[in-house]
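The structure appears below as structure tokens.
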Amino acid sequence: MSLKIFPSSNAQASREGYSYSGIPKKEEAIIINTIDEIDHKDYVHAIGEIIDPCNIKFVSRIPYNRIGIFLRNQKLVEELCKHNSIIRINNYDVNIFPLLTYALRLIIFNVCPSVSHNFIEKTLVQRGMQLLSPVTFLKEDFNEENYDHILSYKRQVFVSERYVTSVFRKLANSAFECTIMSKDKTPLLDADLNYMD
672 MSLKIFPSSN AQASREGYSY SGIPKKEEAI IINTIDEIDH KDYVHAIGEI
722 IDPCNIKFVS RIPYNRIGIF LRNQKLVEEL CKHNSIIRIN NYDVNIFPLL
772 TYALRLIIFN VCPSVSHNFI EKTLVQRGMQ LLSPVTFLKE DFNEENYDHI
822 LSYKRQVFVS ERYVTSVFRK LANSAFECTI MSKDKTPLLD ADLNYMD
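Numbering of the sequence shown is given in the numbering used here, commencing with residue 672 and proceeding in unit increments.
Below is the structure:
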């Protein structure tokens, strides 16, 4: 069930936090992973039903099967992602993320390639982690022609730093290690999204 978020009827409260420069800030944007069966306008209509269409400023398809939507202000992004991080569109559950999310890169070692990404994601979520990206394979360190396509037994996923509680998990009767590769906050922003700078 979606919580509707509309600006306050109080004119002063409604103006607070609004960007009048005309140039949006990255903190005012959300990202939605798209599903082939859903038209991109359906995503915009679904967001408009929650926050009112007048609060949507920009929309575009972006790399990696996503849609980027800039809202009127950062507060709307925070409220939307807090109360409606998953919305239902055409009988599909769709995740909404802020464009800029500070995350930690979690590297998972020694996982047999036959173990699905989906299984790892479910296991991490069940243990209280908030995933901010899908699980992906990492390449093995081959810098030789004809061998650079080979993947390793390592996976990576970005997680919200406040939900990282352990560095070791059991998975499918095999031990796998979870290690935070960097203690620094890393903005979860795909390189191909830099055109939004």
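Backbone N, C-alpha and C fix where the C-beta goes; we use that ideal spot for every residue, glycine too. Note that the coordinates shown come from a computational prediction; the quantities given were computed from them, not determined experimentally.
Residue i versus residue j: straight-line alpha-carbon distance, rounded
i	j	result
LYS841	VAL828	Confidence at LYS841 is low in this model, with a pLDDT of 37, below 50, so the placement of that residue should be treated as unreliable; the coordinate-derived value is given next. For LYS841 and VAL828, the distance between alpha carbons rounds to 17 Å.
VAL748	ASP707	24 Å
ILE721	GLY799	27 Å
LEU777	ASP713	33 Å
PHE790	GLY693	43 Å
ASP819	ASP723	48 Å
ASN744	ARG732	20 Å
ILE767	VAL786	26 Å
ASP710	GLU815	42 Å
SER804	LYS728	25 Å
LEU795	GLN801	8 Å
ARG759	LEU751	14 Å
ASN761	VAL782	35 Å
GLU698	LEU775	18 Å
LEU822	VAL806	14 Å
PHE780	PHE741	36 Å
LYS825	CYS725	44 Å
Three-state secondary structure assigned by DSSP to residue i
i	result
TYR714	helix
ILE722	helix
ARG840	Low local confidence applies: a pLDDT of 40 at ARG840 is under 50, so the model's placement there is unreliable, with the coordinate-based value given in what follows. Of the three classes helix, strand and coil, the one that applies to ARG840 here is strand, per DSSP.
ASP764	strand
VAL709	Note on residue identity: the sequence assigns Ile, not Val, to residue 709. Correct three-state label for ILE709: coil.
Where the beta strand (DSSP E) containing residue i begins and where it ends
i	result
LYS728	727-733
ILE737	For clarity, residue 737 is Arg in the given sequence; the question names Ile instead. Counting along the chain, the beta strand (DSSP E) containing ARG737 begins and ends at 737-742.
ILE760	757-760
Residue range of the unbroken alpha helix (DSSP H) whose run includes residue i
i	result
LYS696	Taken as a continuous stretch (DSSP letters only), LYS696 belongs to no alpha helix (DSSP H), as it is neither H nor E.
GLU749	745-754
Residue ranges of each alpha helix (DSSP H) within the segment 770-824, 4 or longer: As far as the segment 770-824 is concerned, its whole alpha helix (DSSP H) runs of at least 4 residues are 788-797.
Three CB pairs or more closer than 8 Å across the segment 696-706 and the segment 730-750: With a cut-off of 8 Å on Cβ pairs, the segment 696-706 is in contact with the segment 730-750, counting three or more such pairs.
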